[in-house]
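Under my numbering, the residue at position 29 of the sequence shown is numbered 216, and the numbers go up by one with no gaps. Below: one structure, written as structure tokens.
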Amino acid sequence: MLDELRGICMALPEVTERPSHGAPTWFVRDRRTFVTLWEHGHHDNQFPHLWCAAPPGAQQELIAADPERFFRPPYVGHRGWLGVRLDGDVDWAEIAELCQDAYETVSRPKKSVSNKP
């Protein structure tokens, strides 16, 4: 599981990996987290899963479509992040798409607010 996810994340540009809160975590430009793997569960979710950044609206859409597989993770769920169960048969092609979306979500430049009239 770790090797598969590592291969997906590390194939993206400017990605680094290091532990964060005891879990393998992937960062864009060594700063912004986009995926964390909880291979042995975390808090109330005692099953293998990952947390990933998600584009606006994706969290609600995916949870509504498949609440047995997708969930709102603690700590980061309020910011739109997605929890994805990794027990059972894992569709690694879908996981790769979710990781790509997460990468794009955190790597795009933030919009600046102009004070010009």
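Cβ atoms here follow ideal geometry from the backbone N, Cα and C, with glycine treated the same way. Predicted model only: the values in this text are computed from it and were never measured.
Boundaries for Gly270: no alpha helix (DSSP H) harbours it, while the beta strand (DSSP E) harbouring it runs Leu269 to Arg272, taken from the DSSP string.
About 6 Å separates the CB atoms of Leu237 and Val222; that is less than 8 Å, so the two are in contact. Pro211 has Pro206 as its beta-bridge partners, per DSSP. Our two residues, His229 and Ile195, have alpha carbons roughly 22 Å apart in a direct line. When C-alpha distances from Glu226 are compared across Glu191, Leu199, Thr203 and Ala251, the shortest belongs to Glu191. DSSP, read as helix, strand or coil, puts Arg266 in helix. Comparing alpha carbon positions, the residue from Trp213, Gly209, Glu204 and Met188 closest to Ala289 is Trp213.
The Cβ-Cβ distance between Arg193 and Glu204 falls below 8 Å.
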